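Novice: With this note's numbering applied, the sequence shown corresponds to residues 1 to 129, in that order. What follows is a single structure, and I will ask about it in a moment.
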Amino acid sequence: MPGLLPIPTEVDRPFWEAGREGVLRLQRCAPCGHIFFPPGRRCVACGSPDLHWTDMAGTGEIWSWVVMHKQYFADMPTPYVVLRVKLTEGPYLMANLVDAKGRAPEIGARVRVVFQPEGDIVLPQFTFA
Ligand SMILES: [Zn+2]
């Protein structure tokens with residue numbers, strides 16, 4: 001899916017580089033402790049620019065999900081599952097469910113991050129924990 005892949009920017013490059021290390025790393029605000037995604041230049045809670053990249057456990061639970069049945073992109077065959085995951089540390093990420101081995105997604109199901117190389121980038125995805 002070359003046309004769909006993110007292009008790292010100055011702001012989010014540490015996120016993508018962490019993925020190459022197999023680590024989910026998000027920004028944590030030093031003054032207020034808020035952890036958030038997507039990356040930004042200032043804390044979305046208090047506006048502070050004092051942000052530090054912090055390793056996450058890579059675990060969470062399915063907050064919501066959808067099964068895509070309509071094929072929008074030639075290189076993304078259907079069906080596939082898109083999750084909204086609430087990480088153990090609190091922030092939400094959207095990613096695909098992979099290696100489900102026939103198990104259907106359920107709200108509250110425990111998942112863990114896995115990293116999949118795609119082109120020049122490594123994408124965080126989730127599988128059942
Ligand atoms: Zn803050």
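C-beta atoms are modelled at their ideal positions from N, C-alpha and C, and glycine is treated no differently. Values in this document were obtained by computation on a predicted structure and should not be read as measured data.
Ligand 1 and residue 69: does any heavy atom of the ligand fall closer than 6 Å to the residue's C-beta?
Specialist: No, ligand 1 has no heavy atom inside 6 Å of this Cβ.
Novice: Along the chain, where does the alpha helix (DSSP H) containing residue 14 start, and where does it finish?
Specialist: 13-20 is the extent of the alpha helix (DSSP H) around residue 14.
Novice: Am I right that residue 5 and residue 119 are in contact with their C-beta atoms under 8 Å? What's the rounded C-beta distance?
Specialist: Their Cβ separation, rounded to whole angstroms, is 5 Å, which keeps residue 5 and residue 119 in contact under 8 Å.
Novice: Indicate whether the contact test is met: 3 or more Cβ pairs, each with one atom in the region 72-80 and one in the region 41-53, closer than 8 Å.
Specialist: Not touching, per the Cβ criterion.
Novice: Is the closest heavy atom of ligand 1 to the C-beta of residue 34 under 6 Å?
Specialist: Residue 34 Cβ: within cutoff of ligand 1.
Novice: Return the bridge partner residues of residue 52 from the DSSP annotation.
Specialist: Paired residues: 28.
Novice: Cα-Cα, which of 83, 21, 37, 15 is closest to residue 89?
Specialist: Ranking 83, 21, 37, 15 by Cα distance to residue 89 puts 37 first.
Novice: Say yes only if the C-beta of residue 64 is nearer than 6 Å to one or more non-hydrogen atoms of ligand 1, and no if none qualify.
Specialist: No, Cβ of residue 64 sits at least 6 Å from all heavy atoms of ligand 1.
Novice: Closer than 6 Å: is that where the CB of residue 129 sits relative to any heavy atom of ligand 1?
Specialist: No, the Cβ of residue 129 stays beyond 6 Å of every heavy atom of ligand 1.
Novice: Please indicate yes or no: does the CB of residue 45 lie closer than 6 Å to some heavy atom of ligand 3?
Specialist: No copy of ligand 3 appears in this structure; the ligands present are ligand 1.
Novice: Keeping to the same chain, check which residues put their C-beta closer than 6 Å to that of residue 23; ignore five residues upstream and five downstream.
Specialist: Only 55 meet the Cβ criterion.
Novice: Is residue 95 closer than 7 Å to residue 125 when the C-beta atoms are compared?
Specialist: A contact, by the Cβ cut-off of 7 Å.
Novice: Take the Cβ of residue 44 as the centre, count every other Cβ of all protein chains shown within 10 Å, and call the residue buried at 16 or more, exposed below.
Specialist: Counting Cβ neighbours within 10 Å, residue 44 comes out exposed, since fewer than 16 surround it.
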